[in-house]
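Per this note's numbering, residue 109 is the first one in the sequence shown, and the count goes up by one each step. Cβ coordinates follow ideal geometry from the N, Cα and C atoms, glycine included. Following: one structure in structure tokens, then a few remarks.
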Amino acid sequence: TRVRDKHGPRSVYGVASGRAPHEAAYSMQKFIRAGFGTNYIDNCSRA
């Protein structure tokens, strides 16, 4: 949270695995959105 506080919520993002179950991806996106206040979430299968 120090990075977010210093540089803003746009400086933090989450990357999920395309092989993870849907439940894990859902939990990760909820954690990133609620914990860090950002909507920057992607998965490695798009890279």
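**Prompt:** Which one of ILE149, GLY145 and ALA124 has the shortest CA to CA distance from VAL111?
**Reply:** GLY145
**Asked** By DSSP, does ALA142 sit in helix, in strand, or in coil?
**Response** Note: ALA142 maps to helix in three-state DSSP.
**Request:** State the DSSP-derived secondary structure class of ALA124, mapped to helix, strand or coil.
**Result:** strand
**Message:** With the cut-off set at 8 Å, would you say ALA133 and ALA142 are in Cβ contact?
**Reply:** no
**Request:** Please state if the CB of GLY126 and the CB of ASN147 are separated by a distance shorter than 8 Å.
**Result:** Contact: no.
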